[in-house]
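Please read the structure below before turning to the comments.
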Amino acid sequence: MPDFSRVWDVLVIGGGNAALCAAVTARQAGCSVLLIEHAPKAFRGGNSRHTRNMRTMHAEPTSVLTEAYLEDEYWDDLLRVTGGETDEHLARMTIRLTREALPFMEACGVRFQPSLSGTLSLSRTNAFFLGGGKALVNAYYATAERLGVEILYDTEAVDLKLDDGFVREVAIDHRGFPETVRAKVVVASSGGFQADLEWLEKGWGPAARNFLIRGTPYAKGVVLRNLLDQGVASVGDPTQCHAVAIDGRAPKFDGGIVTRLDCVPFSVVVNKHGERFYDEGEDVWPKRYAIWGRLVAQQPDQVAYAIIDSRSERLFMPSVFPAIKADTVGELAVKLGLDPAAVEGTVAAFNAACVPGEFNSTRLDGCRTEGLDPPKTHWARPIAEPPFIGYPLRPGITFTYLGVKVDERARVLMEDGRPSANLFASGEIMAGSILGKGYLAGFGMAIGTVFGRIAGREAARNARN
Amino acid sequence: MRETEATTDARRAMEVCNACRYCEGYCAVFPAMTLRREFSTGDLSYIANLCHNCRGCYYACQYAPPHPFNINLPQVLAQVRSETYEEYAWPGPLAGLFKRNGTIVALATAAGIALTLLLTMALVDPRVLYQPQVGPGAFYRVIPWWLMVTLAGGTFLFSILALVMGFRNFWRDTGGRADELTRGRPLMTALHDILTLKNLGGGGGGCNDVDEGFSQLRRRFHHFMFYGFLLCFASTTSATFYDHFLGHVAPYPFWSLPVQLGTWGGVGMVIGTAGLIWTKIVSDPAPAARNLLGADYALLVLLFLSASTGLLLLGLRATGAMGVLLAIHLGVILALFVVVPYSKMVHGVYRSAALLRHALERHPTPPPGDKPSDRALGSAA
Numbered sequence: 001m002p003d004f005s006r007v008w009d010v011l012v013i014g015g016g017n018a019a020l021c022a023a024v025t026a027r028q029a030g031c032s033v034l035l036i037e038h039a040p041k042a043f044r045g046g047n048s049r050h051t052r053n054m055r056t057m058h059a060e061p062t063s064v065l066t067e068a069y070l071e072d073e074y075w076d077d078l079l080r081v082t083g084g085e086t087d088e089h090l091a092r093m094t095i096r097l098t099r100e101a102l103p104f105m106e107a108c109g110v111r112f113q114p115s116l117s118g119t120l121s122l123s124r125t126n127a128f129f130l131g132g133g134k135a136l137v138n139a140y141y142a143t144a145e146r147l148g149v150e151i152l153y154d155t156e157a158v159d160l161k162l163d164d165g166f167v168r169e170v171a172i173d174h175r176g177f178p179e180t181v182r183a184k185v186v187v188a189s190s191g192g193f194q195a196d197l198e199w200l201e202k203g204w205g206p207a208a209r210n211f212l213i214r215g216t217p218y219a220k221g222v223v224l225r226n227l228l229d230q231g232v233a234s235v236g237d238p239t240q241c242h243a244v245a246i247d248g249r250a251p252k253f254d255g256g257i258v259t260r261l262d263c264v265p266f267s268v269v270v271n272k273h274g275e276r277f278y279d280e281g282e283d284v285w286p287k288r289y290a291i292w293g294r295l296v297a298q299q300p301d302q303v304a305y306a307i308i309d310s311r312s313e314r315l316f317m318p319s320v321f322p323a324i325k326a327d328t329v330g331e332l333a334v335k336l337g338l339d340p341a342a343v344e345g346t347v348a349a350f351n352a353a354c355v356p357g358e359f360n361s362t363r364l365d366g367c368r369t370e371g372l373d374p375p376k377t378h379w380a381r382p383i384a385e386p387p388f389i390g391y392p393l394r395p396g397i398t399f400t401y402l403g404v405k406v407d408e409r410a411r412v413l414m415e416d417g418r419p420s421a422n423l424f425a426s427g428e429i430m431a432g433s434i435l436g437k438g439y440l441a442g443f444g445m446a447i448g449t450v451f452g453r454i455a456g457r458e459a460a461r462n463a464r465n
Numbered sequence: 001m002r003e004t005e006a007t008t009d010a011r012r013a014m015e016v017c018n019a020c021r022y023c024e025g026y027c028a029v030f031p032a033m034t035l036r037r038e039f040s041t042g043d044l045s046y047i048a049n050l051c052h053n054c055r056g057c058y059y060a061c062q063y064a065p066p067h068p069f070n071i072n073l074p075q076v077l078a079q080v081r082s083e084t085y086e087e088y089a090w091p092g093p094l095a096g097l098f099k100r101n102g103t104i105v106a107l108a109t110a111a112g113i114a115l116t117l118l119l120t121m122a123l124v125d126p127r128v129l130y131q132p133q134v135g136p137g138a139f140y141r142v143i144p145w146w147l148m149v150t151l152a153g154g155t156f157l158f159s160i161l162a163l164v165m166g167f168r169n170f171w172r173d174t175g176g177r178a179d180e181l182t183r184g185r186p187l188m189t190a191l192h193d194i195l196t197l198k199n200l201g202g203g204g205g206g207c208n209d210v211d212e213g214f215s216q217l218r219r220r221f222h223h224f225m226f227y228g229f230l231l232c233f234a235s236t237t238s239a240t241f242y243d244h245f246l247g248h249v250a251p252y253p254f255w256s257l258p259v260q261l262g263t264w265g266g267v268g269m270v271i272g273t274a275g276l277i278w279t280k281i282v283s284d285p286a287p288a289a290r291n292l293l294g295a296d297y298a299l300l301v302l303l304f305l306s307a308s309t310g311l312l313l314l315g316l317r318a319t320g321a322m323g324v325l326l327a328i329h330l331g332v333i334l335a336l337f338v339v340v341p342y343s344k345m346v347h348g349v350y351r352s353a354a355l356l357r358h359a360l361e362r363h364p365t366p367p368p369g370d371k372p373s374d375r376a377l378g379s380a381a
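Residue numbers (UniProt numbering), protein chains in the order written: chain A, 1 to 465; chain B, 1 to 381.
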């Protein structure tokens, strides 16, 4: 049984990348540190378990990154995906600090590998973790333990007792028992609220019940809600979440990367009534997968079906769930639970509208439909060669945008603009300050690592005063 | 290779891994996997034998138990691997020896020792077992030269034949052709991977020999054992040369080539086998295939005994204990020669073959067929 009468220098709430960076940094600065992780040890690490790389600024080639990726280009990329919903000062600071995060990560035992097969487009911008995010999390936990950070699993922060912006104490649930932790400084790194379906329902209505959560079931936003209820300033759209189209057979939680389905550009995608609803070939999939979560969420019962023929079977990453196959479009529709006549009609209309052209899966090939609504503007090739193949699609939620507002020292800001005296935040819980919309591959880990280190450093400085 | 529960499980795991690929940098298994979308039993046999059981992927896996996907690749590939040993065993009727292999190898060891002791007592004056024997031919007064050569030579040659046939069965089943075996560059690559145990390096930072922490322990212990074994083999070969061509009759002096090679080889084997037994005992059982541990331990103990009885014989060869020790040592060696094709020893053949196949896949001669342009348009998340 841990000693709950003790006053810690720093309490870190959360057990993912940002929390660990904060805990390790504060401990290296000489503080006593307690880290509480809601998940049991086997599922520790929050959504960091499912990550695989960090977008990293660099001026010259490194062991795993090619060429150079400088601040202005990084910033332009961020500006494009967020449509301006970002904070240039915080964003540029984060970008610059990713560069010096790499040696810190390596010192913590994190190892890197060249970009994975088929992700060459990221070899210049993103440093891939050898073994992925869970291996990274393992390395940080091993480092934290070696340094003497006290770690409690199955332990959830329930209530931060805020008194005029000052955290007096924190009520926790430790393996089912209510306890109180006192610490001079608190770092909140407990993630977003995407695993709380009722909360998602506030923004999305009953449709949210059909959403699948790609990551950890422990990100319920308990601390986020608790802080916002006590006058902490918020950032980010409270209703929005990052949603991608994933295989509809994925588990409700924690399906991770293997539930992805990259077949949409080569498909005809229909809803449960067998009707098309959007241009499947608008752009290459890396630029479109994020809008398809939303598109599917807007369809009845939040489900859609991608249909291809045998010629397209090998043009995309294998899905972990077996393809549903049939010799005719009608049979396939029946197997998918759809009205065969409707699907046959949609496919026939599509096939008739395809303009002959030179199909090329690796670029925008201009193979399009004519006189079809909605049109398909690329990779439009008749669905004609049996066997016909179908996949169900559902919205998969990656993260939410709502967060607490922080300043450049990771201090949590109150609604009146004043910083909290002893509360800091890092990771998804504050990422909305920088990433208000869209997503940039590997940027969540960049924010978590950079702000985790800032929060740890500032927490240590604060605890010593 | 027949379809079994293990191959079905392994195929399912491969499909999950192939949709994830986070472990690509760990070892050869994952690059081999990404070349495939469907996994025939031959493919699974190849991949299972490519796996060095370093367990890096288990600790890095977001789908490892208790996740419902329950991915435990080291365990399921070990199961498939052990089934491939049965599948390719020659002659076929002896494949059953791979079931309860730990017991079989242990019994063979006991039988080998008993047999040599009994034969010695039956064929020569039992007193040689207790009285000091020194000078040229001392060993042959305990075990006659003709018996030693017949038993050792006969079992050795048969074992080599059985291993070659096993290799042939593996090679055919995994889609290999005979003409591929003569391509120089892949052979050199494979030889390098075999001799350095590159795939026990965890992509450079070491393996999960014991738990989540990384180390090079297993790799180093295996090197001690493997190179120790080679030195011992060189010792026997040089002794044979001394005897047949130079007319020097054993025992040889301590500073002679055979004794020097054998001594250092023996020391290496003792360190290596003891170290490997120790890592097996203290390591996390979760990624291990428990039903196969018996075979691992039995072979390690047999190798440990081969080396330690040899060293003991060297130390005490001038005393009255020499006779009994020599009989025991040769009994152990006899058992080793007999069980080689029917023990975990065969992993050396199939893993080497798998590494060669992997090297061939990386340097293909014929134009590669229609490979999937995987991830050409993959999502960027």
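Where a beta carbon is used, it is the ideal one built from N, C-alpha and C, also for glycine.
query	result
Neighbourhood of leucine 332 (chain A) by C-beta, 6 Å cutoff - its chain only, sequence neighbours within 5 removed	Ala326, Phe388 and Gly390
Under 7 Å (Cβ pairs) to chain B, residues found in the segment 30-51 of chain A	Ala42, Arg49 and His50
Backbone secondary structure at arginine 375 (chain B) - three-state DSSP	Unreliable positioning characterises arginine 375 (chain B) in this predicted model, as indicated by a pLDDT of 41, which lies under 50. A coordinate reading is not provided.
Collapsed DSSP secondary structure at isoleucine 71 (chain B) in the structure displayed	coil
Beta carbon proximity, cysteine 54 (chain B) to chain A, threshold 7 Å	no
Status (buried if at least 16 other CB within 10 Å, exposed otherwise) for arginine 55 (chain A)	buried
Near-chain A residues of the segment 38-52 of chain B (beta-carbon distance less than 7 Å), N- to C-terminal order	none
Contacts that glutamine 216 (chain B) makes with chain A (C-beta to C-beta distance below 8 Å)	Going along chain A, no residue has its Cβ under 8 Å from glutamine 216 (chain B), so there is no contact; the nearest lies around 14 Å.
Helix, strand or coil at histidine 222 (chain B) according to DSSP, with G and I counted as helix	helix
CA nearest to the CA of arginine 21 (chain B), picked from A:Asn465, A:Leu130 and A:Arg311	A:Leu130
Length of the line joining the Cα atoms of aspartate 76 (chain A) and glutamate 275 (chain A)	37 Å
Any non-hydrogen atom of the ligand NAD closer than 6 Å to isoleucine 172 (chain A) Cβ	Absence of the ligand NAD is noted for the structure shown, with no ligands found whatsoever.
Residue burial classification, arginine 288 (chain A) (beta-carbon count within 10 angstroms, cutoff 16)	buried
Cβ shell of alanine 59 (chain A) (< 8 Å), same chain only, five flanking positions each side left out	Ala68, Leu70 and Arg99
DSSP-derived helix/strand/coil call for cysteine 241 (chain A)	strand
Contacts of glycine 132 (chain A) in chain B (Cβ-Cβ under 8 Å)	Cys20, Tyr22, Cys23, Ala60 and Gln62
Within chain A, the residues that glycine 201 (chain B) reaches when beta carbons sit closer than 8 Å	Simply none; closest approach about 12 Å.
Outcome for lysine 376 (chain A) when other beta-carbon atoms lying within 10 angstroms are tallied against a minimum of 16	buried
Anticipated Cβ contact below 8 Å, alanine 144 (chain A) with isoleucine 151 (chain A), distance rounded	6 Å
Beta-carbon proximity of glutamine 133 (chain B) to arginine 141 (chain B), cut-off 7 Å	yes
Aspartate 301 (chain A) in three-state terms, based on DSSP	helix
Exposure label - glutamate 385 (chain A); buried when at least 16 CB within 10 Å	exposed
Exposed unless 16 or more other CB atoms sit within 10 angstroms - verdict on glycine 153 (chain B)	exposed
Boundaries of the beta strand (DSSP E) in which residue 471 (chain A) is found, first to last residue	The question about residue 471 (chain A) has no answer here: the residues shown for chain A are numbered 1 through 465.
Whole-angstrom distance between valine 347 (chain A) and glutamate 85 (chain A), CA atom to CA atom	39 Å
Outcome for alanine 280 (chain A) when other beta-carbon atoms lying within 10 angstroms are tallied against a minimum of 16	The residue asked about is misnamed: residue 280 (chain A) is glutamate in this sequence, not alanine. The residue is buried, with at least 16 neighbouring Cβ atoms inside 10 Å.
Inter-residue Cα distance where the pair is tyrosine 242 (chain B) and alanine 234 (chain B)	12 Å
Min CB distance valine 232 (chain A) to chain B below 7 Å	no
Arginine 2 (chain B), DSSP secondary structure in three states	coil
Integer Cβ distance of glycine 176 (chain B) from glycine 331 (chain B), believed to fall under 8 Å	Actually they are not in contact, since the Cβ atoms of glycine 176 (chain B) and glycine 331 (chain B) sit about 38 Å apart, beyond 8 Å.
Against chain B: residues of the segment 184-200 of chain A by CB proximity under 8 Å	none
Closer than 7 Å to chain A by CB, threonine 34 (chain B)	yes
Chain B contact residues for glycine 256 (chain A), given Cβ-Cβ distances below 8 Å	Cys20, Gln62 and Tyr63
Cβ-Cβ separation, leucine 413 (chain A) to lysine 405 (chain A) (assumed contact under 8 Å), whole Å	5 Å
Among B:Phe226, B:Val249 and B:Pro74, nearest to glycine 266 (chain B) - alpha-carbon criterion	B:Phe226
Spatial distance of serine 373 (chain B) from methionine 317 (chain A) (CA atoms)	Residue confidence for serine 373 (chain B) is low, a pLDDT of 43 falling below 50, so the modelled location carries little weight and cannot support an answer.
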